[in-house]
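Protein chains in written order, with the numbering used here: chain Y, 137 to 341; chain C, 137 to 341; chain G, 1433 to 1770; chain X, 1433 to 1770.
Read through the structure below, which is laid out as structure tokens, and then see the notes.
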Amino acid sequence: MRVDEAGAALMLAAVARAVLDRVDDLTDADLAIGDGDHGIGMRRGFEAVEMVMEAPPPGIDGVFRAAGMAIMSNTGGAAGAVFGSVFTAGAAAFAMQEEITAEGFTAFLAAAEGAVQRRGGVAEGAKTMLDALAPAARAAAGADDLQAATAAAAKAALAGVEATKAMIATTGKARSLGERSIGHPDPGAISMSIILGAMRDYVAG
Amino acid sequence: MRVDEAGAALMLAAVARAVLDRVDDLTDADLAIGDGDHGIGMRRGFEAVEMVMEAPPPGIDGVFRAAGMAIMSNTGGAAGAVFGSVFTAGAAAFAMQEEITAEGFTAFLAAAEGAVQRRGGVAEGAKTMLDALAPAARAAAGADDLQAATAAAAKAALAGVEATKAMIATTGKARSLGERSIGHPDPGAISMSIILGAMRDYVAG
Amino acid sequence: MAKPIKKILNDPRRAVHEMLDGLVLASDGRTRRLPGVDAIVKAEIPEGKVALLIGGGSGHEPLFHGFIGENMGDGAACGQFFAAPAPHIVYEAAKAVHRGKGVLFLYGNYAGDNMNFDIGAEMLADEGIEVRTLRVTDDVAAAPPERMHDRRGIAGDLLMIRVAGAAAAHLGSLDEVERVAKKAMAGLRSMGVAVLAGSIPETGKLTFELADDEIEIGMGAHGEAGISRQKLGTADEITDQMMEKILADLPFRKGDEVALLINNLGATTMMEMLVVNRRIRQILADRGITVHRSDVGTWVTSQEMAGLSISLMRLDAELKHYLDMPSRSVGYSSLEAK
Amino acid sequence: MAKPIKKILNDPRRAVHEMLDGLVLASDGRTRRLPGVDAIVKAEIPEGKVALLIGGGSGHEPLFHGFIGENMGDGAACGQFFAAPAPHIVYEAAKAVHRGKGVLFLYGNYAGDNMNFDIGAEMLADEGIEVRTLRVTDDVAAAPPERMHDRRGIAGDLLMIRVAGAAAAHLGSLDEVERVAKKAMAGLRSMGVAVLAGSIPETGKLTFELADDEIEIGMGAHGEAGISRQKLGTADEITDQMMEKILADLPFRKGDEVALLINNLGATTMMEMLVVNRRIRQILADRGITVHRSDVGTWVTSQEMAGLSISLMRLDAELKHYLDMPSRSVGYSSLEAK
Ligand SMILES: Nc1ncnc2c1ncn2[C@@H]1O[C@H](COP(=O)(O)OP(=O)(O)O)[C@@H](O)[C@H]1O
Ligand SMILES: Nc1ncnc2c1ncn2[C@@H]1O[C@H](COP(=O)(O)OP(=O)(O)O)[C@@H](O)[C@H]1O
Ligand SMILES: [Mg+2]
Ligand SMILES: [Mg+2]
Ligand SMILES: [Mg+2]
Ligand SMILES: [Mg+2]
Chain Y
137 MRVDEAGAAL
147 MLAAVARAVL
157 DRVDDLTDAD
167 LAIGDGDHGI
177 GMRRGFEAVE
187 MVMEAPPPGI
197 DGVFRAAGMA
207 IMSNTGGAAG
217 AVFGSVFTAG
227 AAAFAMQEEI
237 TAEGFTAFLA
247 AAEGAVQRRG
257 GVAEGAKTML
267 DALAPAARAA
277 AGADDLQAAT
287 AAAAKAALAG
297 VEATKAMIAT
307 TGKARSLGER
317 SIGHPDPGAI
327 SMSIILGAMR
337 DYVAG
Chain C
137 MRVDEAGAAL
147 MLAAVARAVL
157 DRVDDLTDAD
167 LAIGDGDHGI
177 GMRRGFEAVE
187 MVMEAPPPGI
197 DGVFRAAGMA
207 IMSNTGGAAG
217 AVFGSVFTAG
227 AAAFAMQEEI
237 TAEGFTAFLA
247 AAEGAVQRRG
257 GVAEGAKTML
267 DALAPAARAA
277 AGADDLQAAT
287 AAAAKAALAG
297 VEATKAMIAT
307 TGKARSLGER
317 SIGHPDPGAI
327 SMSIILGAMR
337 DYVAG
Chain G
1433 MAKPIKKILN
1443 DPRRAVHEML
1453 DGLVLASDGR
1463 TRRLPGVDAI
1473 VKAEIPEGKV
1483 ALLIGGGSGH
1493 EPLFHGFIGE
1503 NMGDGAACGQ
1513 FFAAPAPHIV
1523 YEAAKAVHRG
1533 KGVLFLYGNY
1543 AGDNMNFDIG
1553 AEMLADEGIE
1563 VRTLRVTDDV
1573 AAAPPERMHD
1583 RRGIAGDLLM
1593 IRVAGAAAAH
1603 LGSLDEVERV
1613 AKKAMAGLRS
1623 MGVAVLAGSI
1633 PETGKLTFEL
1643 ADDEIEIGMG
1653 AHGEAGISRQ
1663 KLGTADEITD
1673 QMMEKILADL
1683 PFRKGDEVAL
1693 LINNLGATTM
1703 MEMLVVNRRI
1713 RQILADRGIT
1723 VHRSDVGTWV
1733 TSQEMAGLSI
1743 SLMRLDAELK
1753 HYLDMPSRSV
1763 GYSSLEAK
Chain X
1433 MAKPIKKILN
1443 DPRRAVHEML
1453 DGLVLASDGR
1463 TRRLPGVDAI
1473 VKAEIPEGKV
1483 ALLIGGGSGH
1493 EPLFHGFIGE
1503 NMGDGAACGQ
1513 FFAAPAPHIV
1523 YEAAKAVHRG
1533 KGVLFLYGNY
1543 AGDNMNFDIG
1553 AEMLADEGIE
1563 VRTLRVTDDV
1573 AAAPPERMHD
1583 RRGIAGDLLM
1593 IRVAGAAAAH
1603 LGSLDEVERV
1613 AKKAMAGLRS
1623 MGVAVLAGSI
1633 PETGKLTFEL
1643 ADDEIEIGMG
1653 AHGEAGISRQ
1663 KLGTADEITD
1673 QMMEKILADL
1683 PFRKGDEVAL
1693 LINNLGATTM
1703 MEMLVVNRRI
1713 RQILADRGIT
1723 VHRSDVGTWV
1733 TSQEMAGLSI
1743 SLMRLDAELK
1753 HYLDMPSRSV
1763 GYSSLEAK
């Protein structure tokens, strides 16, 4: 499916619905290794995204930036800052673009990854959403079309979630658990994979 | 059994043991209609009585007064004041007596009843220990000997406990329950009947 | 009930003693303990001051012993958990705070307290020490207005201790202090709501049982029965119901100025008290009643009971004057100008 | 877990908003709320004053919004329960309290707070407003001393807000306020123990599980893992274990003068805190460490979590000077000279 300015808004509305459908799972994942508020935080953020997407600003980058601002202002916590940054910083990749291409999508993920890394001050392996985002960015690179790029990203993100189970958290609320965080997936990584999975599904039509 | 000065101390030690044996029942009775502390309060008071009876002061009245002071100083709550008064005020009945007679015992109960009534400001029927004490005092009057007097008093006290079940509390913590206090015996009345029952058993030998 | 009582304690039978030791230490020199007696008194009480003696059963911390200090109580006679202090404690505490101008006894109206404090007062009278007694009867849930003497004393204790404490620090005669305290009491009304039960450390048993979706409006500070056991409901509904009863009782009227106290019974969050405060203020504003000052905090508890109480005291210029004085104590406001 | 969460609330999703409204009302005119933003600021802030902005997730009441007032914070940026405030809240709150001399950000060291406050600081920097950041890292259970930047901020927040608040009220430059606050932070160590779990109103789920006879030493303010899950034990044993760890960490030494803070995590009784205080004082006396002043109360909570924390701050003459100033706020000391 071709994703133009209107499509971008529809896609992010679909992303929002996908996240909202999984709020309880996110809560439970955060209860296991964090403070149990990731689900309700993402709900606040993505309910706001849903609303904004009903009357989105112009430009694909505008759509993404608006989503990012909605997340940033309503989510709170670590998730608000990192998922907000994914969209606000990633939005620049779509500047002046008429549609979302595989290259644009790949550039979006790369920009998002860089922004999260700078903001959160951690690298891959710290058991964060970056462990879903970074492999997704690598997997999308070089894909032939948007469908392939989003599919590869979503798949890599899901594998990233799996991989976080083996990691020891070194940032966020889960850090205190040390080795006891092993065996549990990172809540933010789950969110990242839900977001990318919903993008893939939207693009697949 | 003849109860002289030494016997009075042994009798009150037996009373103390009888009360201490029933602490949990008293707690449960007070949990049902009061604040749940009657058992531990009586334990504090009668543990002190037990100790004092190891080296009691001279005179039967001295023995009773010392028990009363021990109860008054260690029990606390409504029970400390009323059961303390039973023994401190009742002690006067034994002044200058070589042994506890039926008349002495009856006078003790009458003095105790008067003191409790003055102190507590309530009459019979208010669902208090007075509803065991007052019938006991009446029942003991005119008994032929101490054995008969204590037996009659203990029996009347037990009947008094039964009678409190039908009463609506108008004083103490149970007052708030109003009609909901019906069906439950008064904790202090139970204590009074334990005390008189132990006296009867001691006298019976 | 299955819930085990988990508390950070040593021997529960020594808990009151250890707690009082801990309290004196927390006062950083401002209070001392009477040797061998469960009583706390202010370190320095000037000669010629009317003395204020407060007290009652323990388990309601920071009440009573946490309220000894500047413009508050001069001494506290402390009983075991939920049990009035024995007469000799009352007597010793009163002797320790008496400075020649008599002693006002201020405590909650419970049969046990009444009897034990009265015996103490009689012992003091024998020695020529003048004692006046004022019993706090603020709980509107305990009895109808015509049976005021059957009402319990609950969180309003704090406001009474603050008014009477300031009056006793600044007025020269027992008569005058008693007059001010009586006026304060006449305009004081409170009511509580319980959500979860508390327990006495030594028995380890909850003092009442509530179903998982039930609350009890009007429950007393020791778990005494209230006026309505009902389904949980919203904060606004609960607040409306309590305020209705409190306001109608005095009654409080348009134009009245009041002190407002929202008190945590133990385990309730400040969030809940603040949400309730929001509604109370709406109700008072609607009725044209002005809040002169308010306290929202943990003052008169019932161990780990969850729930809260609302108190209103009608004020005039004189009561405002005393209530605005800075009360300081471990339990109220730990600040002391060094 | 089976325990139902019974709270006196309206819509849990609106609880933070309603709580902040209730808080402003409880402040009797001393604070105000920023229109449309979850931030509380002091009603009057003089021109030319260095501003102190505090904040963080809600659910730890009276922290943070209850600590806005004289010699405390000028403003609080408030997040939802257990969630750092969004950057625009930080930004708006800072703008509202800035009086031309810069803003000190003081908050607990959590990834979410760090990121959101940093974004806010960048927005302010773009407008030429100078911001310095001090993160509270007092929890010795969170990480070894060499990883101080990985430590969480817990009850020590109160002492930091009092020192920094007084310094910001009396020192003329951001540099100086920051210097004093950093010194205070360098000598501050805390640790908690959890007995029962708390919950977030909106999820209604307990944030951790503890067996009926278990406690967790070192548990964080959001239920983050501590250093030892163990059987309950006595108050003295628990206190010894906590003090051992706290004292060794700085380390505190013979001759040191300290401020002592015993903090209720929510549902713990004051009795327990006082029993613990008694033991702490014995330990400190044995080690030749003097307590300059102490606070025992409910300051930094974790909803209805039961448990407590102990904090020690090493003092010098300058820190004592600021800590002895009268801090006043709804949550700390409601007294205000009228
Ligand atoms: N420093 C960081 N960098 C990147 N992501 C982070 C960082 N810290 C936490 N996260 C992500 O945020 C998620 C937690 O989000 P959330 O529960 O909403 O916030 P909080 O931890 O403040 O409660 C974690 O699962 C993790 O993926
Ligand atoms: N006014 C009174 N006069 C006589 N006895 C009373 C009075 N009030 C209470 N009691 C007795 O005291 C008992 C309760 O004792 P206890 O539980 O130890 O004290 P408290 O009520 O202070 O908790 C009641 O069961 C009743 O028998
Ligand atoms: Mg979280
Ligand atoms: Mg009782
Ligand atoms: Mg009692
Ligand atoms: Mg959080």
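From the three backbone atoms N, C-alpha and C, an ideal C-beta is built for every residue, glycine too.
Small disclaimer: the values here were computed from a predicted structure and weren't measured.
Asked: Close beta carbons around C:G195, own chain, < 7 Å, minus the five adjacent residues each side; Found: E141
Asked: Y:A145 versus Y:I207 - alpha carbon distance; Found: 15 Å
Asked: Neighbourhood of X:V1595 by C-beta, 7 Å cutoff - its chain only, sequence neighbours within 5 removed; Found: V1612, A1613, A1616, L1751, Y1754, L1755
Asked: CA-to-CA distance, C:T237 to C:A361, given in whole angstroms; Found: The structure shown has nothing for residue 361 of chain C, since chain C only spans 137 to 341.
Asked: Check: Y:D173 C-beta below 7 Å from any heavy atom of ligand 3; Found: yes
Asked: Start-end ranges of the beta strand (DSSP E) lying completely within the segment 1504-1552 of chain X, minimum 3 residues; Found: 1507-1513, 1535-1540
Asked: Nonlocal neighbours in the same chain, by C-beta distance under 8 Å from Y:A251, ignoring five residues either side; Found: S221, V222, T224, A225, G226
Asked: Span separating the alpha-carbon of G:F1537 from that of G:L1556; Found: 12 Å
Asked: Same chain only: Cβ atoms within 6 Å of C:A150, ignoring 5 sequence neighbours per side; Found: A334, Y338
Asked: Three-state class that DSSP yields for X:M1580 in the structure shown; Found: helix
Asked: Check whether X:L1628 and X:M1737 have beta carbons under 8 Å apart; Found: yes
Asked: Spatial distance of G:T1722 from Y:V258 (CA atoms); Found: 54 Å
Asked: Rounded separation between X:S1459 and X:G1585 - CA only; Found: 26 Å
Asked: 9 Å Cβ cut-off: residues of chain X touching G:Q1673; Found: Here the premise fails: no neighbours, minimum Cβ distance about 12 Å.
Asked: Selected residue, minimal CA-CA separation from C:V181, among C:V139, C:A202, C:A231, C:E235; Found: In the sequence on display, residue 181 of chain C carries Gly and not Val. Among C:V139, C:A202, C:A231, C:E235, the Cα nearest to that of C:G181 belongs to C:A202.
Asked: Closest residue to X:G1588 among X:R1760, X:S1741, X:A1475 (Cα-Cα distance); Found: X:S1741
Asked: Below-8 Å beta-carbon distance, C:S312 vs any chain G residue; Found: yes
Asked: Selected residue, minimal CA-CA separation from X:E1704, among G:V1762, G:D1443, G:M1451; Found: G:M1451
Asked: Stretch pair the segment 1600-1611 of chain X + the segment 1629-1646 of chain X: three plus CB contacts closer than 8 Å; Found: no
Asked: Assigned exposure category for Y:P135 - 16 Cβ within 10 Å defines buried; Found: Because chain Y in this structure spans residues 137 to 341, residue 135 of chain Y falls outside the shown range and cannot be described.
Asked: Chain-ordered chain G contacts of C:A152 [CB-CB under 7 Å]; Found: Near C:A152 there are no residues of chain G at all, since even the closest Cβ is about 17 Å away, more than 7 Å.
Asked: Beta carbon of G:E1578 nearer than 8 Å to that of G:G1532; Found: no
Asked: 8 Å Cβ cut-off: residues of chain X touching G:G1698; Found: A1699, T1701
Asked: Under 8 Å (Cβ pairs) to chain X, residues found in the segment 1485-1519 of chain G; Found: S1490, G1491, E1493, P1494, G1498
Asked: Inter-residue Cα distance where the pair is X:Y1539 and X:I1486; Found: 6 Å
Asked: For C:M232, three-class secondary structure by DSSP; Found: coil
Asked: With 16 other Cβ atoms within 10 Å as the buried cut-off, status of X:A1526; Found: buried
Asked: Span of the beta strand (DSSP E) around G:G1636; Found: Per DSSP, G:G1636 belongs to no beta strand (DSSP E) and is neither H nor E.
Asked: Straight-line Cα distance separating X:G1630 from X:S1403; Found: The question about residue 1403 of chain X has no answer, for chain X in this structure spans 1433 to 1770.
Asked: Assigned exposure category for Y:G308 - 16 Cβ within 10 Å defines buried; Found: buried
Asked: Below-8 Å beta-carbon distance, Y:R254 vs any chain X residue; Found: no
Asked: G:V1568 versus G:D1550 - alpha carbon distance; Found: 15 Å
Asked: Other residues of its chain near X:S1660: CB distance less than 6 Å, five sequence neighbours each side excluded; Found: I1649
Asked: Residues that DSSP places opposite X:I1742 in a beta bridge; Found: X:M1623, X:I1694
Asked: Minimum Cβ-Cβ distance from X:T1733 to chain G less than 8 Å; Found: yes
Asked: Contact residues within the segment 1542-1553 of chain G, judged by C-beta distance below 9 Å to chain C; Found: Y1542, A1543, G1544, D1545, N1546, M1547, N1548, D1550, I1551
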